[in-house]
Amino acid sequence: YCVNIPGRMMYVIPFCMGPLGSPLSKIGVQVTDSNYVLLCMRIMTRVCPKVWELLGDQDFVKCIHSMGCPRPVQRRVKNHWPCNPEKVIIAHFPEERKIKSFGSGYGGNSLLGKKCFALRIASVIARDEGWMAEHMLIMCITTPRKTEHFVAAAFPSACGKTNLAMLNPGLPGFKIQCIGKLFLSFKTFSYIILFFTLLYHQRGITPFFFKCRPIFLYCLIDALFSIGKTIMHDPMAMRPFMGYNFGHYLQHWLDLEQPGRKMPKIFHVNWFRLDEHGKFLWPGFGENIRVLDWILKRVEGDNTIAVSSPVGWIPKKGSIDMSGLGNINEDELFSLPSHYWLDDSRESKRFLEDQVGSDCPPIIMKLLDEQEAAFGKLQ
8 YCVNIPGRMM YVIPFCMGPL GSPLSKIGVQ VTDSNYVLLC MRIMTRVCPK
58 VWELLGDQDF VKCIHSMGCP RPVQRRVKNH WPCNPEKVII AHFPEERKIK
108 SFGSGYGGNS LLGKKCFALR IASVIARDEG WMAEHMLIMC ITTPRKTEHF
158 VAAAFPSACG KTNLAMLNPG LPGFKIQCIG KLFLSFKTFS YIILFFTLLY
208 HQRGITPFFF KCRPIFLYCL IDALFSIGKT IMHDPMAMRP FMGYNFGHYL
258 QHWLDLEQPG RKMPKIFHVN WFRLDEHGKF LWPGFGENIR VLDWILKRVE
308 GDNTIAVSSP VGWIPKKGSI DMSGLGNINE DELFSLPSHY WLDDSRESKR
358 FLEDQVGSDC PPIIMKLLDE QEAAFGKLQ
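Mapping the sequence shown onto our numbering, position 297 (from 1) lands on 304, and the numbers just tick up by one.
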């Protein structure tokens, strides 16, 4: 870094992740040679002199960044964007609470309070301190019934976190408030709903949303997302962001269930199911409020709108408000093809055996075996 900073202004940025003075907030200090980073960190985090006062002699996350483009510039800078793409490296040192980023001007790699701190480093701090730092949106929904619910949702990148967080409801009487659309840290599950992606309901208290397929009941998810033609596993939408051993991360989820805790209800949805002609079965966007309404009714204790299945409780036909949507094929929308779910269970086990091995909590494999057996009986 010292080789590349000469000729550039060095900026020291004290920032706070969370409200100033909150016992839940974390402090970081970033050193950078980018004025773009300086300005954007003022938008993305709380930057002010009071951070120094709050820091005192406490520990903090050390963030070091350089564009890798010293002056005098030795080559042409494209689009007035100094960087060094041939030598980009982003290194995380979770146990030291330190991040080093070189050569990149991309926000995720240069605004180090973002994914580097808020997810990769924070997930390790959360493990050590008994809370969670996750790749989720969080929103507040007030229903026409005057009930208020906080909902967290984990979707892989480019799968609709922002669309859901900024939802314009397709039904009257709902009020949506975006609390945050990228990162979620929390110490308590009370009043939170878990939402994974598949329209399949599991157990808990208020929901989270995760975009994915279920791996084991009520908590773990094996989300899949595509890059070009490649399908990839994205557990908890955290694959790029886990700051420690994958198997230990899964166990941390399981360990959160303790006597006396009100665990959140967990739901799975899939906005993207296609019919035989390749057209979407569900309109999505603002009409997703209809699915959310069903979820919230379940949270409020309505047991008449769901039917049991091998993957949990799914909507009873006619239980979701379809008024004004035209012809929606509910039978196909809520179908559970045995061959698909058998393949899914086997692929999930293969992935866990390959990626997690002996660190995989045994209960996960047990539940996958049970799911596979249940669908095997339906063939």
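For each residue, glycine too, the CB sits at the ideal point set by N, CA and C.
Within-8 Å CB hit, K105 to chain D: Given the protein chain composition of this structure (a single chain), no chain D is represented.
Integer Cβ distance of A160 from L178, believed to fall under 8 Å: A160 to L178, Cβ: 19 Å. No contact.
Closest by C-alpha distance to Q427, when choosing among H87, C123, E60 and K85: As shown, the chain starts at 8 and ends at 386. That puts residue 427 outside it, with no answer to give.
S352, enclosing alpha helix (DSSP H) - first and last residue: S345 to Q362
Under the three-state DSSP convention, the category K69 falls into: strand
Exposure of M143, with buried meaning 16 or more beta-carbon neighbours within 10 Å: buried
CB contact flag (R127, G250, <8 Å): yes
Opening and closing residue of the beta strand (DSSP E) in which P247 lies: Counting along the chain, P247 falls outside any beta strand (DSSP E), and DSSP gives it neither H nor E.
I128 - containing alpha helix (DSSP H), residue span: Element bounds for I128: n/a, residue is neither H nor E.
Cβ-based burial, E141 [other Cβ within 10 Å; buried from 16]: buried
Rounded straight-line distance, which links the Cα of K272 to that of D300: 14 Å
Range of the contiguous alpha helix (DSSP H) that encloses H255: F253 to D262
Contact the segment 53-63 vs the segment 15-22: 3+ CB pairs below 8 Å: yes
Between the CA atoms of M146 and S315 - distance to the nearest angstrom: 28 Å
Check whether C70 and I106 have beta carbons under 8 Å apart: yes
Stretch-stretch touch, CB-based, cutoff 8 Å, three pairs: the segment 323-341 with the segment 355-366: no
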